[in-house]
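Trainee: Position one of the sequence shown corresponds to residue 1 (full-length UniProt numbering), numbered consecutively onward.
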Amino acid sequence: MTDPTPGNTQAGSGSDDLLASHGATVNAPTPASPAAEPAGGPIAFQGKSERFEPVERLYQAVSAEVAKLYVGQDELVLGTLTALFSGGHVLIESVPGLGKTLFVRTLGRALGCEFGRIQFTADLMPSDITGAPVFDMQKSEFRFRPGPVFTQLLLADEINRSPAKTHAALLEIMQEYRVTIDGTSHVVPQPFLVMATQNPLESEGTYNLPEAQLDRFMFKLKVDYPNEAQEAEILKLHSKQVNLNERLENEVRTITDPDTVRKLIQLCGTVNVEDALVDYINKIVRATRSWPAFHIGASPRAGLALMQCARTLAGFGGRDYAIPDDVVEVAIPALRHRVQLSAEAEIEGRDVDEELLAMIRGIEVPRD
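Now the structure itself:
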């Protein structure tokens, strides 16, 4: 995916899976190639809006601050920021050791938000993440002790290693933004973003998320190893045994605060989406339900995700209107975990991303 700024004038061009906005190479086929351009023809840009300059400036500034300590993985960076400003959460499929904790800490520092991490294990209970009442000996009463979920940027590491009841507790918080203990609701601070990870290489001792729970995530991002140049830069940047807390304090600026982030999230929700683009989104989602290779298609929640993320990408580009490019760029990460290959397609070794790409190519893009 190209940077969300007015430099790309063809629907579908530059869409490198979502989220390779600064030239990252990703392994999944996407609507990036010229052959992927749907048949609607070029879409003209009409310029930027002054109202959305703060969104564009914040996106650029946060990306620059994160890049000071976190090298590459642009799909992860842009995907997470898009989900954050769209009111969603992300599921990350990646191998260990790619610096996801460093990314969350750096992003939290730049945004002025609290951040936390939970390592999911087989014996992790719901109360371990939500918190629980504890008895106060001095007051002779129970008081609620908040769990680690009461933060703003939460890394849920290896979520598929915990049992289903722990999944359910976290996913309820993701949906409701609150924890209910003994009939009392406790609101989690906002903005609230969950980055849940799962390791694609190991299946022993894991509990796969069912389709209904996968549908709660706005994106499923696939993060692979860095390229050779990026890995060399990582070795130079993080091999000096310098305290990470000091580096975060000294090298990464806090450029905003949670209140400003909340206001800009609301502003992104005002981006205009024309009826023709709504129809285009609707056709994409509905096409997943009749595509021959899919046994299960996407739910209406997928269409909402496409709408919200298209608005956010438009805001990142300083525009007050969404275009088909915005939809195409988020389509595969927003749909890949919401569809399921048929048994025949799995036997033939077909890939979900390739099937989604072929499906999107056949849908006519609205003309301006």
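Note that CB positions come from ideal geometry on N, CA and C, so glycine has one too. Note that the structure is a prediction, hence the values are computed from the model and not measured.
For the beta strand (DSSP E) that Q198 lies in, which residues bound it at each end?
Mentor: On the sequence shown, residue 198 is found 198 positions in, with the first residue counted as 1. First-last of the beta strand (DSSP E) with Q198: L193 to Q198.
Trainee: Can you tell which of R51, R253 and T166 has its C-alpha closest to the C-alpha of Q119?
Mentor: Taking the first residue of the sequence shown as 1, we reach residue 119 at position 119. That would be T166, whose Cα lies nearest to the Cα of Q119.
Trainee: Could you give the uninterrupted runs of the beta strand (DSSP E) lying entirely in the segment 232-290, keeping only those of 3 residues or more?
Mentor: List check, beta strand (DSSP E) in window: nothing returned.
Trainee: For P133, name the three-state secondary structure that DSSP assigns.
Mentor: Residue numbering aside, residue 133 sits at position 133 when the sequence shown is read from its first letter. Strand at P133.
Trainee: Over what stretch of residues does the beta strand (DSSP E) that includes S342 continue unbroken?
Mentor: Within the sequence shown, the letter at position 342 stands for residue 342. Neither: S342 is in no beta strand (DSSP E) and is coded neither H nor E.
Trainee: How close, in whole Å, do the beta carbons of A298 and R311 come, if the pair is a contact with beta carbons under 8 Å?
Mentor: By 1-based counting over the sequence shown, the position of residue 298 is 298. By 1-based counting over the sequence shown, the position of residue 311 is 311. No, A298 and R311 are not in contact; Cβ-Cβ is about 19 Å, not under 8 Å.
Trainee: Three or more C-beta pairs closer than 8 Å, one from the segment 182-199 and one from the segment 78-95: is that the case here?
Mentor: Result yes; three or more Cβ-Cβ pairs closer than 8 Å.
Trainee: Please classify L335: is it buried, with 16 or more other beta-carbons within 10 angstroms of its beta-carbon, or exposed?
Mentor: Stepping through the sequence shown from its first residue, residue 335 is reached at position 335. Flag for L335 reads buried.
Trainee: Which residue or residues does DSSP assign as beta-bridge partners of E93?
Mentor: To locate residue 93, count along the sequence shown from 1; it is residue 93. E93 is bridged to Q198 and K222.
Trainee: Decide if Q138 is buried, meaning its Cβ has at least 16 other Cβ atoms within 10 Å, or exposed.
Mentor: Locating residue 138 in the sequence shown gives position 138, counting from the first residue. Flag for Q138 reads exposed.
Trainee: On the criterion of 16 or more Cβ atoms from any shown chain inside 10 Å, does L69 qualify as buried, or is it exposed?
Mentor: Working through the sequence shown from its first residue, we reach residue 69 at position 69. Looking at its Cβ environment, which holds 16 or more other Cβ atoms inside 10 Å, L69 is buried.
Trainee: So for L76, helix, strand or coil by DSSP?
Mentor: Working through the sequence shown from its first residue, we reach residue 76 at position 76. In this structure, L76 counts as helix in the three-state DSSP scheme.
Trainee: Would DSSP call F115 helix, strand or coil?
Mentor: Your numbering for residue 115 matches position 115 in the sequence shown. It is a strand residue.
Trainee: In terms of DSSP beta bridges, what is D353 paired with?
Mentor: Within the sequence shown, numbered from 1, the residue matching residue 353 stands at position 353. None, per the DSSP bridge assignment.
Trainee: What does a CB cutoff of less than 7 Å around residue 374 pick up in its chain, not counting 5 residues either side in sequence?
Mentor: Since the first residue of the chain shown is 1 and the last is 368, residue 374 is not available in this structure.
Trainee: If I measure Cβ to Cβ from A164 and keep anything under 7 Å in the same chain, skipping five residues before and after, which residues do I get?
Mentor: What you label residue 164 is simply residue 164 of the sequence shown in a count that begins at 1. Within the same chain, A164 has close Cβ partners Y207.
Trainee: Is the number of C-beta pairs between the segment 287-306 and the segment 46-56 that are closer than 8 Å three or more?
Mentor: No contact exists between the segment 287-306 and the segment 46-56.
Trainee: Is it true that the CB of V66 sits closer than 7 Å to the CB of T106?
Mentor: Counting from one through the sequence shown, the residue named residue 106 turns up at place 106. Counting from one through the sequence shown, the residue named residue 66 turns up at place 66. Yes. Within cutoff.
Trainee: My guess is that L155 and V104 are in contact by the Cβ rule of under 8 Å, so how many angstroms apart are they, rounded?
Mentor: By one-based count along the sequence shown, residue 155 stands at place 155. By one-based count along the sequence shown, residue 104 stands at place 104. About 5 Å separates the two Cβ atoms, so the contact holds.
Trainee: Given D215, which residues of its chain have a CB within under 7 Å of its CB, disregarding the five upstream and five downstream residues?
Mentor: The residue you call residue 215 lines up with position 215 of the sequence shown. Counting only Cβ-Cβ distances below 7 Å, and skipping sequence neighbours, we find S299, R301 and R338.
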